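Engineer: Here the sequence shown stands for residues 6 to 353, where the numbers follow this note's numbering.
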Amino acid sequence: MTRLEQRYRRLLRLLPSWYRADREEEMVDVFLLADAARHSGGAEDEQDDWDYGDHEDLRGEYGWPDRREFLAVAGLAVRTRFGGVGAPSAARARGDTVRTIALLGVLVRAVLALVSVGSLVHVQLRSGVAFADSTTLLSPLGGYVFPTLLLNLVWVPAYLLLVLGKRRAGMLCSGVALLPSLLSMIPPDNTPATSLTSVITGVGIWLPVVCVFLGFHRDAPEPSRKPWLLALPVGVLAALIFILLGWLVPPVVVAGPRVCGLLVVAVFTLVVRLRSPGGFRVPGRPRWRWSVRCSWWNTRRCSSPSGLRKWCRCSPSSCRWRYSPCAASSWRSPPPARHPAVVRTRSV
6 MTRLEQRYRR
16 LLRLLPSWYR
26 ADREEEMVDV
36 FLLADAARHS
46 GGAEDEQDDW
56 DYGDHEDLRG
66 EYGWPDRREF
76 LAVAGLAVRT
86 RFGGVGAPSA
96 ARARGDTVRT
106 IALLGVLVRA
116 VLALVSVGSL
126 VHVQLRSGVA
136 FADSTTLLSP
146 LGGYVFPTLL
156 LNLVWVPAYL
166 LLVLGKRRAG
176 MLCSGVALLP
186 SLLSMIPPDN
196 TPATSLTSVI
206 TGVGIWLPVV
216 CVFLGFHRDA
226 PEPSRKPWLL
236 ALPVGVLAAL
246 IFILLGWLVP
256 PVVVAGPRVC
266 GLLVVAVFTL
276 VVRLRSPGGF
286 RVPGRPRWRW
296 SVRCSWWNTR
306 RCSSPSGLRK
316 WCRCSPSSCR
326 WRYSPCAASS
336 WRSPPPARHP
346 AVVRTRSV
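#1: Should Lys315 be labelled buried (16 or more other beta-carbon atoms within 10 Å of its own) or exposed?
#2: Closer than 8 Å is the cut-off here; do at least three beta carbon pairs connect the segment 167–176 with the segment 119–130?
#3: Let's see if you can read the secondary structure: which residues bound the alpha helix (DSSP H) around Val181?
#4: On the three-state DSSP scale, how would you describe Arg14?
#5: Tell me, to the nearest whole angstrom, how far the beta carbon of Gly89 is from that of Gly100; I am working on the premise that it is less than 8 Å.
#6: Helix or strand or just coil, what does DSSP make of Leu169?
#7: Just mark Met32 as buried or exposed, buried being the case when its beta carbon has 16 or more other beta carbons within 10 Å.
#8: If I follow the unbroken alpha helix (DSSP H) through Glu74, where does it start and stop?
#9: Straight-line CA distance for Val259 to Phe247?
#10: Counting pairs of beta carbons, one from the segment 179–188 and one from the segment 72–90, are three or more of them closer than 8 Å?
#11: Can you check which of these residues, Pro238, Leu235, Lys231, Val217, is closest to Arg84 by C-alpha distance?
#12: May I have the straight-line CA-CA distance separating Phe36 from Pro21, to the nearest angstrom?
#13: Between the C-alpha atoms of Leu9 and Arg28, what's the straight-line distance to the nearest angstrom?
#14: Report yes if the CB atom of Arg114 is closer than 9 Å to the CB atom of Tyr164, and no otherwise.
#15: I believe Pro238 touches Ile106 by the beta-carbon criterion, under 8 Å. Please report the beta-carbon distance rounded to the nearest angstrom.
#16: Go through its chain and collect everything with a Cβ distance to Ala225's Cβ below 6 Å, but skip five positions before and after it.
#17: Using 8 Å for Cβ pairs, my map puts Ser121 next to Asn157. What's the rounded Cβ distance?
#18: What is the C-beta distance between Leu108 and Pro228, in whole angstroms, given that I count them as a contact (C-beta under 8 Å)?
#19: For Val116, which option in Arg25, Leu154, Leu169 has the closest C-alpha, if you only look at C-alpha atoms?
#20: Check each candidate in Glu30, Leu63, Asp34 and name the one with the smallest Cα separation from His44.
#21: So the candidates are Leu119, Val161, Val168, Gly170; which of them puts its Cα closest to the Cα of Val181?
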């Protein structure tokens, strides 16, 4: 085995084991033949200087896979590990989970973009300076706030294109929508370095886009249009209701990040359990009911000041574990007790 063949086999380790077990030898042979055909022309021109066998030996010792071959294997690894139509059950479950997380993340960004732009327009209209000057439209609050909000609106077509099956256009719009997060990481003149909050916020924005590029490949199935299209107006309405509750009940604003985090954990756990083989199919009550009930209980408890103080005083082992949606959804009902069989004998 030459060094070139070893490098090709090392490159094929990007693929899952079930795929390499069937196609590794065939792919290595094809790569070696393609490499020999690619370098045979230059060897024929130089036959007077050295033998063709020496050139082949040098190529086998010091040759490397081509850049296009590396990109092709990397794309195949993404399609096989995050499977779509016709993939094995484990790869298909992993791919469906990644695609669901991508759609949920892009949906959240689209809802926040619509609410932010609507709030800014409402403030400008109430102050009476919305169309007073051309510079107000470009920079009403100083800096690049309004252009950033306009770029955030790209999340809306990105989400709609992904739901409608236009994966390439949706991926392009998702990449364009990342520009505001890159601008937010540029430190101002008085700040020497980027703050940790900007980095954490940027990671929260980049994660759905990474899931979009991993999950929505050419073998990915189209998502169900009706529920995902309905989720956008429902999300905007829920965000407006949450804003109104924040005006009426201030503790809701304080408990907002905690409640949102619990809901995200509950949705993520629900997706993973639904995609796993045999998930939620146990005797007794369905576990997703416990997750929904505990999420509602957490929201109700954090809505009042007394409930929020009680929540903060609870220890992690006694309160947060018992009432968290993740723990509730992973709870398993105890197996039914088995009583010893009673042998009845007929009395003589």
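The C-beta atom is built at its ideal place from N, Cα and C for all residues, glycine as well. A quick note: this is a predicted structure, and the numbers were derived from the prediction, not measured.
Structural biologist: From the atom records:
#1: Residue confidence for Lys315 is low, a pLDDT of 44 falling below 50, so the modelled location carries little weight and cannot support an answer.
#2: no
#3: 172–182
#4: helix
#5: 6 Å
#6: coil
#7: buried
#8: 72–86
#9: With a pLDDT of only 48 at Val259, under 50, the local geometry of the prediction cannot be trusted, and the value read off the model is given with reservation. For Val259 and Phe247, the distance between alpha carbons rounds to 12 Å.
#10: no
#11: Val217
#12: 18 Å
#13: 18 Å
#14: yes
#15: About 21 Å; that fails the 8 Å criterion.
#16: Gly89
#17: 7 Å
#18: 6 Å
#19: Leu154
#20: Leu63
#21: Val161
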